[in-house]
């Protein structure tokens, strides 16, 4: 088996050593070099030709974002950002994802060595999957590299009867993971201020979901917020799941509201796309529109199938425009997608579907 060759770029000698130790513990990964700043990294990239770069944000001589922007323009390659879990760090990391970084590793504030086994598993998995995200390697089954899912949506929300159309109000449900922060931006930027309400689950840590919602609010004509428990769901608004809770949509007898659930991870994710999609299938029924965007693994594939069997139109992002065609690819292979579309066509199709008559819902969502 060919190892994933990694170059570590960080101005902290301690972090460079810790990352080297953590990554070297994985037999599928080889650390081929380290660099204390982007200028050294530039020369080592030329000499070593690594498969993946881990990149710090704040470094001397050139900041990580400037280096990343230049790298993606001149020599695109998989990059995993190493960022602190702070508000400022979250904003910078989200910008890095917009510039082309594949993923990020949330570096604890105090000491990277805290919870070393857990951190080691996380960074190794991110690097392996980043290597598989290269265009020439998209045929790799990235879901196979992940730890098998432990729990399904049943752990949070049991299967139930499909809903009626609740007066005909559309609700758009979107799920995404790796590459999703940028994909969601593309969709939200194309939405008018009176668009149907949108509920979103993006795999993201709790410290990042609030800043992510604020960033999306600035680039969309819709009002974009981090969802709160009991919050009414209104047209012209988009609600992003907090990184600490599952997001569900429920009908309270008069309107749809957000419900936050502090249940266990589903498909090893919290929030989980399957949980959101199942709740929408149960509460909204055929009036919903399901959209599954780029992401690793298969979270959301089953839930999208439940939406489709409940009469909802379902869309997935195509392979060519996805950073990783894991989640949308799994949904497509399972027969859960009505349509496979490039990212830049999804918003227009969602808006077109929003104006079509709502189909009658079948008696149950998928089992």
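Numbering (my numbering), first residue to last: 2 to 368.
Built from N, CA and C at the ideal position, the CB exists for glycine as well.
Residue i and residue j closer than 8 Å at C-beta
| i | j | result |
| --- | --- | --- |
| residue 276 | residue 267 | yes |
| residue 2 | residue 29 | yes |
| residue 23 | residue 124 | yes |
| residue 62 | residue 38 | yes |
| residue 192 | residue 222 | yes |
| residue 46 | residue 76 | yes |
| residue 424 | residue 55 | Past the boundaries of the shown model lies residue 424; the chain is included only from 2 to 368, so the question cannot be answered. |
| residue 172 | residue 257 | yes |
| residue 301 | residue 278 | yes |
| residue 225 | residue 189 | yes |
| residue 324 | residue 248 | no |
| residue 204 | residue 327 | no |
| residue 242 | residue 179 | no |
| residue 315 | residue 299 | no |
| residue 287 | residue 309 | no |
Which listed residue (the options) has its alpha carbon closest to that of residue i
| i | options | result |
| --- | --- | --- |
| residue 174 | 38, 313, 263 and 98 | 313 |
| residue 93 | 75, 69 and 58 | 58 |
| residue 153 | 322, 20 and 274 | 274 |
| residue 217 | 24, 4 and 96 | 96 |
| residue 254 | 236, 263 and 231 | 231 |
| residue 246 | 272, 300, 357 and 256 | 272 |
| residue 235 | 205, 5 and 170 | 170 |
| residue 289 | 193, 84, 343 and 359 | 359 |
| residue 182 | 212, 157, 50 and 302 | 212 |
| residue 352 | 292, 34, 178 and 201 | 292 |
| residue 311 | 336, 43 and 285 | 285 |
| residue 160 | 298, 283 and 341 | 283 |
| residue 270 | 342, 207, 252 and 316 | 207 |
| residue 219 | 205, 194, 68 and 287 | 194 |
| residue 345 | 317, 333 and 332 | 317 |
| residue 233 | 205, 204, 203 and 198 | 198 |
| residue 51 | 25, 79, 67 and 70 | 79 |
| residue 237 | 196, 308 and 261 | 196 |
| residue 99 | 356, 250, 66 and 15 | 66 |
| residue 155 | 347, 307, 354 and 335 | 307 |
| residue 215 | 354, 91, 335 and 334 | 91 |
Cα-Cα separation, residue i to residue j
| i | j | result |
| --- | --- | --- |
| residue 108 | residue 27 | 19 Å |
| residue 81 | residue 305 | 29 Å |
| residue 320 | residue 330 | 7 Å |
| residue 122 | residue 106 | 11 Å |
| residue 20 | residue 209 | 22 Å |
| residue 369 | residue 176 | Look at the range of the chain in this structure, 2 to 368, and you will see that residue 369 is not part of it. |
| residue 101 | residue 259 | 31 Å |
| residue 131 | residue 103 | 6 Å |
| residue 157 | residue 263 | 9 Å |
| residue 9 | residue 294 | 29 Å |
| residue 119 | residue 64 | 28 Å |
| residue 11 | residue 53 | 14 Å |
| residue 147 | residue 126 | Because residue 147 carries a pLDDT of 39, less than 50, the predicted location of this residue cannot be relied on, and the following value inherits that uncertainty. Distance between the alpha carbons of residue 147 and residue 126: 7 Å. |
| residue 252 | residue 34 | 55 Å |
| residue 343 | residue 349 | 11 Å |
| residue 332 | residue 303 | 7 Å |
| residue 1 | residue 322 | This structure gives no information on residue 1, because the portion of the chain shown stretches from 2 to 368. |
| residue 14 | residue 84 | 16 Å |
| residue 134 | residue 357 | 36 Å |
| residue 60 | residue 250 | 43 Å |
| residue 25 | residue 48 | 20 Å |
| residue 143 | residue 31 | Confidence in residue 143 is poor, its pLDDT being 33 and thus under 50, which makes the residue's placement unreliable; the coordinate value appears in the next sentence. Going from the Cα of residue 143 to the Cα of residue 31 covers about 19 Å. |
| residue 117 | residue 44 | 30 Å |
| residue 68 | residue 36 | 13 Å |
| residue 335 | residue 341 | 13 Å |
| residue 355 | residue 187 | 18 Å |
| residue 347 | residue 261 | 27 Å |
Residue i - partner residues in DSSP beta bridges
| i | result |
| --- | --- |
| residue 224 | 238 |
| residue 270 | 267 |
| residue 233 | 258 |
| residue 82 | 56 and 105 |
| residue 247 | 262 |
| residue 290 | 173 |
| residue 203 | 177 |
| residue 76 | Residue 76 is not bridged to any residue. |
| residue 36 | 10 |
| residue 30 | 5 |
| residue 296 | 326 |
Ordered list of beta strand (DSSP E) runs contained in the segment 314-346, each at least 3 residues: 315-318 and 340-342
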